[in-house]
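Everything below concerns the one structure shown next.
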Amino acid sequence: MSSATWRNFFTYNKYAQITARAVRQSLKESERVVAEKRGTTALKYQRWENGVGGPQVFLNPEEDKKVGKSAAV
Amino acid sequence: MLARRSLARIATQSSPLGAAPKNARNMATLREIELRLKSVKNIEKITKSMKMIASTKLAKAQRAMQSGKQYGLANSEIFQHAPSENPAKRKLFIVVSSDKGLCGGIHSSVSKATRRAIASTEKPIDADSPIMVIGDKSKMQLSRVLGKNLAMSFNQIGRDIPTFADAAGVADLIVKSDVKYDGISIVYNKFISAVSYEPDVVEVVGENALKESAGFRAYEMEDDVTKDLAEFSLANAIYAALVEAHACEQSARRNAMDNASKNAKDMIDRLTMQYNRGRQAAITNELVDIITGASAL
């Protein structure tokens with residue numbers, strides 16, 4: 064476990080969100096719909112310098128695809 | 200009251216040019232009152248429906264708050280056993296509010312608490328402590344007063360029950376941003392009851408302070424895992440604060456809309472009285488005219 068290299072790229076929270084997303088997408092359809100609601104976030108943020116705000120940026124830029132379960136062929 | 204009205208009529212009769220026809224002043228007033236009455240009735244409908252919506256949302260928000268609070272309590276257990284030796288000088292303030300208004304004093308209470316904390320003399324902290332704001336309303340209030348301290352702001356949280364994904368996103372951005380701090384204070388509204396709330400501050404220990412505390416050193420954790428723990432506990436604390444603040448906001452909005460509906464109802468009663476009296480006075484005046492006219496024949 065100490066050889067995990069993901070720490071070089073993102074924080075633990077991001078790691079947890081990625082794994083959570085993987086688990087959610089692997090659930091049965093009915094459970095998945097319920098779980099997806101718990102994982103939605105439309106967060107926007109902006110940096111401030113000297114009392115002036117920068118542009119507002121989406122944390123997860125909207126991609127119009129819905130990753131559903133694909134059948135294992 | 201009739202004498203007063205006739206006096207008023209005599210006064211208008213004796214005014215020089217441009218005297219409106221006798222009943223015109225009363226009629227114009229009547230029209231105005233009618234318009235006001237209609238608009239206040241509409242407002243009362245709107246505030247009543249907003250109150251209904253807020254009460255249904257409050258039930259759901261309170262349930263989420265009960266379960267979310269457990270995260271916060273479990274989270275703070277560690278810090279109770281690992282208190283930091285030296286008090287933090289440079290604190291990062293995370294102010295939790297929301298984007299929508301019409302909820303009473305929610306946003307200003309949190310902004311005021313932040314200003315008090317920064318200006319406090321009993322636990323002095325750096326005057327340029329960074330502030331990060333969640334929610335547009337508090338952001339606007341704080342940017343006017345403490346604009347130099349603002350480091351980052353977040354919005355689009357609070358439309359629905361806050362999710363852990365929101366909190367993790369915020370914590371992620373905070374850690375990735377290169378803002379320096381010794382400790383973190385989360386300022387949010389604590390839910391006391393369905394009719395009252397008050398601003399509260401929750402301390403989250405930063406990674407370095409955690410490593411140095413005596414209770415923690417007894418365990419010889421790896422640095423990596425300590426960093427993970429610090430980040431995760433920050434996300435937990437933010438999540439607990441978010442759900443509680445959301446519940447407070449819904450309850451405050453319900454109370455505010457309730458008060459607004461009550462006030463609107465009072466106004467409607469008052470205006471209706473005024474309208475009816477005006478209407479009856481106009482009728483009586485016409486009758487008087489007719490009768491004096493008839494008696495002159």
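Chains V and W, in that order, are what the protein sequence lines are. Going by the numbering used here, the first residue of the first sequence is number 64, and it counts up by one from there. Going by the numbering used here, the first residue of the second sequence is number 200, and it counts up by one from there. No residue lacks a Cβ here, since even glycine has one placed at the ideal position from N, Cα and C. Model, not experiment: these values are computed from the prediction.
*Measure from the C-beta of Ala-98 of chain V to each C-beta in chain W and report whether the shortest distance is under 7 Å.*
By one-based count along the first sequence, residue 98 of chain V stands at place 35. By this cut-off, Ala-98 of chain V is not an interface position.
*asked:* Quick check on DSSP: helix, strand or coil for Met-456 of chain W?
replied: Within the second sequence, residue 456 of chain W is the residue found at index 257, counting from 1. Residue state, collapsed to three classes: helix.
*Measure from the C-beta of Gln-355 of chain W to each C-beta in chain V and report whether the shortest distance is under 7 Å.*
Locating residue 355 of chain W in the second sequence gives position 156, where the first residue counts as 1. Answer yes: the Cβ-Cβ gap between Gln-355 of chain W and chain V drops below 7 Å somewhere.
_Just verifying my parser: in three-state terms, what is the DSSP assignment at Tyr-108 of chain V?_
Numbered from 1 along the first sequence, position 45 holds the residue referred to as residue 108 of chain V. The answer is strand: DSSP assigns Tyr-108 of chain V an E or B state.
*Between Gln-449 of chain W and Lys-299 of chain W, is the Cβ-Cβ spacing less than 7 Å?*
Taking the second sequence and counting its residues from 1, the one referred to as residue 449 of chain W is at position 250. Taking the second sequence and counting its residues from 1, the one referred to as residue 299 of chain W is at position 100. Going by C-beta atoms, Gln-449 of chain W is not nearer than 7 Å to Lys-299 of chain W.
*Run of the beta strand (DSSP E) containing Ala-350 of chain W, from where it starts to where it stops*: Stepping through the second sequence from its first residue, residue 350 of chain W is reached at position 151. For Ala-350 of chain W, the enclosing beta strand (DSSP E) starts and ends at 349-354.
*Which residue's Cα is closest to the Cα of Lys-240 of chain W: W:Val-487, W:Leu-486 and W:Met-466?*
As a first step, residue 240 of chain W is located in the second sequence; it is residue number 41 there, counting from the start. Closest by alpha carbon: W:Met-466.
*Roughly how far, in whole angstroms, is the beta-carbon of Ser-297 of chain W from the beta-carbon of Ile-356 of chain W, given that I think they are within contact range, below 8 Å?*
Numbered from its first residue, the second sequence carries residue 297 of chain W at position 98. Numbered from its first residue, the second sequence carries residue 356 of chain W at position 157. The Cβ separation is near 7 Å, so the contact holds.
*Glu-411 of chain W: first and last residue of the uninterrupted beta strand (DSSP E) it sits in*: Looking up residue 411 of chain W in the second sequence gives position 212. Element bounds for Glu-411 of chain W: not the beta strand (DSSP E) but the alpha helix (DSSP H), 406-411.
_Taking 7 Å as the threshold (beta carbon to beta carbon), is Arg-87 of chain V in contact with chain W?_
The count along the first sequence starts at 1 and reaches residue 87 of chain V at position 24. For Arg-87 of chain V, the answer is no, since every Cβ of chain W falls outside 7 Å of its Cβ.
*Taking Cβ positions only, does Asp-335 of chain W come closer than 7 Å to chain V?*
For the purposes of this step, residue 335 of chain W is identified with residue 136 of the second sequence, where counting begins at 1. For Asp-335 of chain W, the answer is no, since every Cβ of chain V falls outside 7 Å of its Cβ.
*Is Lys-129 of chain V close to chain W, meaning its C-beta is less than 7 Å from at least one C-beta of that chain?*
One-based indexing of the first sequence puts residue 129 of chain V at position 66. Because Lys-129 of chain V sits at a pLDDT of 38, beneath the cut-off of 50, its placement in the model cannot be relied upon, and the following sentence gives the value as read from the coordinates. Lys-129 of chain V is outside the set of residues whose beta carbon lies under 7 Å from a beta carbon in chain W.
*May I ask you to report which of helix, strand or coil DSSP gives Ala-429 of chain W?*
Sequence index remark: in the second sequence, residue 429 of chain W carries index 230 (1-based). Helix.
*Between the segment 360-394 of chain W and chain V, which residues of the former have CB atoms less than 8 Å from a CB of the latter, in chain order?*
Listed in sequence order: Thr-362, Phe-363, Ala-364, Asp-365, Ala-367, Gly-368, Val-369, Ala-370, Asp-371, Leu-372, Val-374, Lys-375 and Ser-376.
*Are at least three pairs of beta-carbons, each pair with one atom in the segment 321-330 of chain W and one in the segment 287-296 of chain W, less than 8 Å apart?*
yes
_Counting only beta-carbon separations shorter than 7 Å, does Met-420 of chain W have a partner in chain V?_
As a first step, residue 420 of chain W is located in the second sequence; it is residue number 221 there, counting from the start. Cβ-Cβ to chain V under 7 Å: no for Met-420 of chain W.
*Using a Cβ-Cβ cut-off of less than 9 Å, list which residues of the segment 242-265 of chain W approach chain V; keep chain order.*
none
*Name, please, each residue of chain V whose Cβ falls closer than 7 Å to the Cβ of Asp-427 of chain W.*
Counted from its first residue, the second sequence places residue 427 of chain W at position 228. In chain order: Tyr-75.
*First and last residue of the uninterrupted beta strand (DSSP E) at Tyr-387 of chain W*: Within the second sequence, residue 387 of chain W is the residue found at index 188, counting from 1. It spans 382-392 - the beta strand (DSSP E) in which Tyr-387 of chain W sits, taken as one unbroken run.
*Best match in W:Glu-485, W:Met-251, W:Leu-470 and W:Gly-267 for proximity to Ala-366 of chain W [C-alpha to C-alpha]*: In the second sequence, the residue the question calls residue 366 of chain W occupies position 167. Of the candidates W:Glu-485, W:Met-251, W:Leu-470 and W:Gly-267, the one whose C-alpha sits nearest the C-alpha of Ala-366 of chain W is W:Gly-267.
*asked:* Rounding to the nearest angstrom, what Cα-Cα distance links Ile-437 of chain W and Ser-395 of chain W in this structure?
replied: Sequence index remark: in the second sequence, residue 437 of chain W carries index 238 (1-based). Sequence index remark: in the second sequence, residue 395 of chain W carries index 196 (1-based). Approximately 21 Å between the Cα atoms of the pair.
*Kindly indicate which three-state DSSP category Ala-207 of chain W falls into: helix, strand or coil?*
Position 8 of the second sequence, counted from the start, is the residue given in the question as residue 207 of chain W. Since pLDDT at Ala-207 of chain W reaches only 49, below the 50 mark, its modelled position is unreliable, and no value is offered.
*State the Cα-Cα distance for the pair Gln-261 of chain W and Val-295 of chain W, rounded to the nearest angstrom.*
For this step, residue 261 of chain W is matched to residue 62 along the second sequence. For this step, residue 295 of chain W is matched to residue 96 along the second sequence. Rounded to whole angstroms, Gln-261 of chain W to Val-295 of chain W spans 17 Å at the Cα level.
*State the DSSP-derived secondary structure class of Glu-402 of chain W, mapped to helix, strand or coil.*
For the purposes of this step, residue 402 of chain W is taken as the residue at position 203 of the second sequence. Correct three-state label for Glu-402 of chain W: strand.
*Counterpart residues of Glu-397 of chain W in DSSP-defined beta bridges*: Sequence index remark: in the second sequence, residue 397 of chain W carries index 198 (1-based). Its beta-bridge partners are W:Lys-389.
*Using a Cβ-Cβ cut-off of 6 Å (strictly less than) and excluding sequence neighbours within five positions of Asp-399 of chain W, which residues of its own chain qualify?*
As a working note, residue 399 of chain W is residue 200 in the second sequence. Counting only Cβ-Cβ distances below 6 Å, and skipping sequence neighbours, we find Lys-389.
*Exposed unless 16 or more other CB atoms sit within 10 angstroms - verdict on Val-86 of chain V*: Sequence index remark: in the first sequence, residue 86 of chain V carries index 23 (1-based). Label assigned to Val-86 of chain V: exposed.
*Looking at the structure shown, is Leu-90 of chain V part of a helix, part of a strand, or coil, going by DSSP?*
Locating residue 90 of chain V in the first sequence gives position 27, where the first residue counts as 1. DSSP places Leu-90 of chain V in coil when its eight states are reduced to three.
*asked:* Taking CB distances under 7 Å as the criterion, tell me whether Arg-95 of chain V reaches chain W.
replied: In the first sequence, residue 95 of chain V corresponds to position 32, counting from 1. Chain W, which has no Cβ nearer than 7 Å to the Cβ of Arg-95 of chain V, makes this no.
*asked:* On a Cα-Cα basis, can you pick out the residue from W:Glu-233, W:Asp-377, W:Lys-338 and W:Phe-278 that is closest to Thr-425 of chain W?
replied: Position 226 of the second sequence holds residue 425 of chain W. Per the Cα distances, W:Phe-278.
*Could you name the residues of chain V that Ser-342 of chain W contacts, counting a contact when the two beta carbons are closer than 7 Å?*
Taking the first residue of the second sequence as position 1, residue 342 of chain W is located at position 143. Result: Gly-114.
*What first and last residue would you give for the beta strand (DSSP E) that runs through Lys-317 of chain W?*
Here the question's residue 317 of chain W lines up with position 118 in the second sequence. Per the sequence shown, residue 317 of chain W should be read as Ile rather than Lys. Element bounds for Ile-317 of chain W: not the beta strand (DSSP E) but the alpha helix (DSSP H), 305-318.
*Identify whether Met-420 of chain W lies in helix, strand or coil by the three-state DSSP scheme.*
To locate residue 420 of chain W, count along the second sequence from 1; it is residue 221. In this structure, Met-420 of chain W counts as coil in the three-state DSSP scheme.
*Output, in chain order, the set of chain V residues within a Cβ distance shorter than 8 Å of Glu-430 of chain W.*
For the purposes of this step, residue 430 of chain W is taken as residue 231 along the second sequence, with counting starting at 1. Residues of chain V passing the Cβ test: Thr-74, Tyr-75 and Asn-76.
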